[in-house]
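Per my numbering, residue 47 is the first one in the sequence shown, and the count goes up by one each step. From the three backbone atoms N, C-alpha and C, an ideal C-beta is built for every residue, glycine too. None of these values were measured; they are calculated from a predicted model. Input: a single structure, listed below in structure tokens.
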Amino acid sequence: MATVTAVLHRGVVDSDEPILCADDLGVLRGDGVFETINVRDGQAFLLDKHLARMARSAERMEFELPGFSELAELSEQALAAWRERGTGEGALRLVATRGREHGGPPTVFATVDPVSRERILPRRDGLRIATASLGVDADARGKAPWLLGGVKALSYATTMAVMRWAKSQGADDALWVSADGYALEGPTSSLLWLDGETLCTTPVSTGILPGTTSAFLLESASKIGLEAAERLITAEELARVEAAWLTSSVRGVAFITSIDGAVVSQRPDVTAELDKLAGFEVPS
Ligand SMILES: Cc1ncc(COP(=O)(O)O)c(C=O)c1O
């Protein structure tokens with residue numbers, strides 16, 4: 047049960063109360079969009095950026111989302127109820143499905159849950175990564191908009207499958223690699239790496255999801271004396287960089303310790319600066 051549930055135009059409801067109909071296209075087809083947002087001190091971090099990405103996702107999927115102010119109000123209703131329960135780290139999820147099968151408005155709701163210690167331990171302990179083929183070249187999704195590159199759609203079944211597969215291989219998480227060998231992103235995270243004094247990430251032209259956390263870190267890189275760049279890198283080259291990280295709103299900044307069993311170097315000083323820049327607490 048979610049800790050807090052709020053429904054558009056209804057406000058906070060009992061989290062045990064059913065809020066979806068059996069013919070909701072979000073359930074039947076995974077036909078909808080969502081955002082997961084870090085909550086600290088009772089406030090959503092980078093909320094505007096998440097709402098902007100959600101609007102772009104819905105536009106790409108050709109359905110109409112409620113306006114920015116309605117979604118911001120829904121978020122605030124959920125956050126106000128969350129603040130009454132304390133101010134520990136939380137995850138605000140905003141979900142909008144296309145609505146019911148035979149038409150009508152989108153179904154829109156928000157939940158807030160605590161972030162478990164297990165989810166943030168990679169901030170302290172890092173991640174062992176297994177590479178997994180995405181099955182298409184790095185430039186394929188740009189040419190095939192129906193593959194929904196760059197869209198945060200609800201249909202995450204392959205995402206969940208690749209994460210289960212990575213665990214079955216003894217890794218903590220996966221890394222998508224294009225058929226032509228380029229390291230792209232994690233199933234639920236963005237890839238960053240350090241090349242000399244430059245903090246790098248994958249170009250959005252590859253169809254990765256543009257991460258809010260990675261964008262924030264790249265935009266702030268000059269504050270810690272680094273340049274920022276979007277580049278392509280092969281999985282083989284990635285195993286030899288100075289340091290690499292997977293970042294996301296809930297996970298924060300998790301350094302990569304190995305790729306397919308090959309040890310990856312680390313820069314704990316840079317990891318600490320990135321955590322500090324984005325305000326992620328590292329568990330003890
Ligand atoms: C495919 C994918 N890439 C990257 C990210 C990281 O995005 P953000 O930093 O906005 O959480 C996510 C987040 O869930 C994701 O699902």
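{"Query": "Residue range of the beta strand (DSSP E) that includes residue 131", "Result": "Counting along the chain, residue 131 falls outside any beta strand (DSSP E), and DSSP gives it neither H nor E."}
{"Query": "Sequence-distant residues of its chain with Cβ nearer than 7 Å to residue 57 (five each side left out)", "Result": "123"}
{"Query": "Contact set for residue 67: own chain, Cβ-Cβ below 7 Å, skip 5 residues either direction", "Result": "146"}
{"Query": "Separation of residue 168 from residue 219, as counted between CA atoms", "Result": "10 Å"}
{"Query": "Backbone secondary structure at residue 49 - three-state DSSP", "Result": "coil"}
{"Query": "Pick from 185, 294, 267, 202 that is closest to residue 91, judged by C-alpha positions", "Result": "294"}
{"Query": "8 Å contact criterion, which residue 136 and residue 158 should meet: CB distance rounded", "Result": "5 Å"}
{"Query": "Sequence-distant residues of the same chain with beta carbon closer than 7 Å to residue 275, five excluded per side", "Result": "244, 246"}
{"Query": "Ligand 1 heavy atom lying under 8 Å from the CB of residue 249", "Result": "no"}
{"Query": "Buried/exposed call for residue 209, threshold 16 Cβ in 10 Å", "Result": "buried"}
{"Query": "Ligand 1 heavy atom lying under 8 Å from the CB of residue 78", "Result": "no"}
{"Query": "Inter-residue Cα distance where the pair is residue 200 and residue 313", "Result": "35 Å"}
{"Query": "Any 3 or more C-beta pairs closer than 8 Å across the stretch 247-255 and the stretch 276-290", "Result": "yes"}
{"Query": "Contact between the stretch 172-190 and the stretch 75-92 (3+ Cβ pairs under 8 Å)", "Result": "no"}
{"Query": "For residue 233 and residue 315, the rounded distance between their alpha carbons", "Result": "26 Å"}
{"Query": "Three-state class that DSSP yields for residue 79 in the structure shown", "Result": "strand"}
{"Query": "Residue 230 to residue 85 span [Cα, whole Å]", "Result": "27 Å"}
{"Query": "Residue 255 Cβ short of 8 Å to ligand 1 heavy atom set", "Result": "yes"}
{"Query": "Distance between residue 267 and residue 110 (C-alpha atoms, nearest Å)", "Result": "35 Å"}
{"Query": "Per DSSP, cross-strand counterpart(s) of residue 228", "Result": "280"}
{"Query": "Rounded separation between residue 328 and residue 170 - CA only", "Result": "6 Å"}
{"Query": "Nearest to residue 189 (by Cα), restricted to the options 253, 71, 325", "Result": "253"}
{"Query": "Closer than 8 Å: residue 169 CB and nearest ligand 1 heavy atom", "Result": "no"}
{"Query": "Three-state secondary structure (DSSP) of residue 89", "Result": "strand"}
{"Query": "For residue 57: DSSP bridge partner residues", "Result": "53"}
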